[in-house]
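Residue numbers (our numbering): 56 to 452.
Have a look at the structure below, then the notes.
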């Protein structure tokens with residue numbers, strides 16, 4: 056698979072390289088493009104926005120990482136410090152699983168969970184041999200939470216401490232546990248759980264030290280799904296209804312919930328899960344916006360918390376990862392773009408988009424300070440992901 060062309064606009068705020076450690080050089084990355092855009096629209100944008108202009112050039116470097124298995128269920132997840140990658144592996148001798156299996160547990164017995172250093176082809180660590188799903192890293196990359204289903208489709212919460220190597224299974228008194236999210240201080244894990252009916256799933260808060268589960272946000276109109284912590288005490292999550300999906304905020308101990316926005320979306324848990332299937336952490340780092348996939352329009356949309364407005368990407372963009380407070384790295388079937396969540400392109404109310412890579416790649420991690428993006432792509436075998444790390448580096452003339 057070729058790495059493609061790189062198109063970069065010079066208004067991106069990037070650290071200028073001096074006598075500092077260059078991880079892309081240490082990784083053996085090769086430059087694959089240094090091209091300035093020069094269309095009329097780009098030139099007019101430069102005249103309007105001069106606060107963060109820089110007069111050097113930007114070079115893109117790429118390095119291939121060792122490939123990883125593709126269970127065709129969930130994308131791999133990279134730890135926030137980019138040291139580790141967790142992925143699912145499927146045993147072809149077992150019953151086949153599909154996206155509904157992630158909700159019901161049916162067909163997951165042959166799915167295992169593994170962890171490996173991102174850039175080293177070392178022997179991976181087996182974290183769960185059967186029934187694995189929903190891996191989720193803590194903000195510091197020290198803890199990996201996950202779910203395992205037994206053959207009776209009863210689940211438990213798994214906790215893997217990357218430093219100590221200890222793996223714990225926690226029976227938390229909930230039949231079907233889904234979508235774990237670890238609070239930044241590790242003191243709570245938010246999960247979705249249900250007894251018999253998936254569309255009645257509610258959020259529970261688990262103390263990982265005692266395995267005790269407490270009710271989360273007050274029940275509303277439908278299922279509560281996909282919790283994400285924005286600090287040690289507050290969650291943002293989705294809730295289904297007859298009219299679509301609401302984006303809600305709730306703080307531990309509160310008896311009320313704040314609805315942030317009403318988003319377009321299906322009303323079933325089996326469909327709502329796809330809103331974030333290819334979105335790595337939907338919340339912008341400054342907690343100023345929320346990115347999600349709109350299946351009806353086949354596109355990513357970004358809701359701005361301050362303005363209450365929604366900015367839409369062109370149809371076909373289905374995956375993304377936030378690259379700092381200004382940019383979303385978004386992908387379609389044939390390209391990867393840097394998408395501004397603040398600036399528009401020309402006079403139209405559409406986001407400014409800058410070509411980052413040509414080809415079918417999906418961003419699964421991005422970090423503006425590290426100037427880096429990690430992407431998965433197709434390999435020769437459907438059971439394998441190609442894995443690439445890309446650096447966008449500003450350098451002096």
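In this text, a Cβ means the ideal position worked out from N, Cα and C, and glycines have one as well.
Every value quoted in this text rests on a predicted model; they were computed, and no experiment measured them.
Cα separation between residue 190 and residue 237?
-> 11 Å
Taking the beta strand (DSSP E) that residue 327 falls in, what are its first and last residues?
-> No beta strand (DSSP E) contains residue 327, which is instead part of the alpha helix (DSSP H) from 324-327.
Leaving aside the five residues before and after residue 289 along the sequence, list all residues of the same chain whose C-beta is less than 6 Å from its C-beta, in chain order.
-> 306
Taking the continuous beta strand (DSSP E) assigned at residue 168, which residues delimit it?
-> Note, residue 168: beta strand (DSSP E), 166-172.
Neighbourhood of residue 285 by C-beta distance below 7 Å, restricted to the same chain and skipping five residues each side | 291, 338 and 342
Residues of its chain near residue 361, where Cβ-Cβ distance is below 8 Å and the 5 sequence neighbours each way are ignored | 343
By how many angstroms is the C-alpha of residue 242 removed from the C-alpha of residue 287?
-> Those two C-alpha atoms are separated by around 8 Å.
Nearest-angstrom Cβ-Cβ length linking residue 430 and residue 416, presumed shorter than 8 Å = 4 Å
Between 357, 169 and 432, which lies nearest to residue 445 when the distance is taken from Cα to Cα?
-> 432
To the nearest angstrom, report how far apart residue 180 and residue 123 are at their CA atoms.
-> 13 Å
What is the DSSP secondary structure of residue 89, counted as helix, strand or coil?
-> Bear in mind that a pLDDT of 41 at residue 89, under 50, signals an unreliable position, so the number given afterwards is only what the model happens to contain. In the structure shown, residue 89 sits in coil (DSSP, three-state: anything other than H, G, I, E or B).
From the DSSP output, read off the bridge partner residues of residue 290.
-> 284 and 305
Which runs of the beta strand (DSSP E) spanning at least 3 residues fall entirely within the region 353-427, listed in chain order?
-> Complete beta strand (DSSP E) runs here, min 3: 354-359, 365-367, 374-378, 382-386, 390-399, 406-413 and 416-422.
Whose CA, out of 158, 140 and 114, lies closest to the CA of residue 332?
-> The shortest C-alpha to C-alpha distance from residue 332 to any of 158, 140 and 114 is the one to 158.
Of the residues 240, 317, 223 and 277, which one's Cα is nearest the Cα of residue 249?
-> 277
With a cut-off of 8 Å, do at least 3 Cβ pairs link the region 159-169 to the region 195-211?
-> yes
DSSP state of residue 267 mapped onto helix, strand, coil = strand
In this structure, what does DSSP give as the bridge partners for residue 429?
-> 420 and 444
Residue 448 versus residue 349: straight-line alpha-carbon distance, rounded = Counting only the Cα atoms, residue 349 lies some 32 Å from residue 448.
Cα separation between residue 103 and residue 407?
-> In this prediction, residue 103 scores a pLDDT of 24, lower than 50, which makes its location untrustworthy; no coordinate-derived value is stated.
DSSP bridge partner residues for residue 189 (one or two, in chain order) = DSSP, once it has assigned bridges, lists no residue as partnering residue 189.
For residue 359, which residues of its own chain have a beta-carbon under 6 Å away from its beta-carbon, when the five flanking residues on both sides are left out?
-> By the criterion of a C-beta distance shorter than 6 Å, residue 359 is surrounded in its chain by 344, once the five residues flanking it on both sides are discounted.
Report the option in 340, 347, 256 and 336 whose CA atom is closest to the CA atom of residue 366.
-> 347
Closer than 7 Å by C-beta to residue 397: which residues in its own chain qualify, once you throw out the five before and the five after it? Chain order, please.
-> 381
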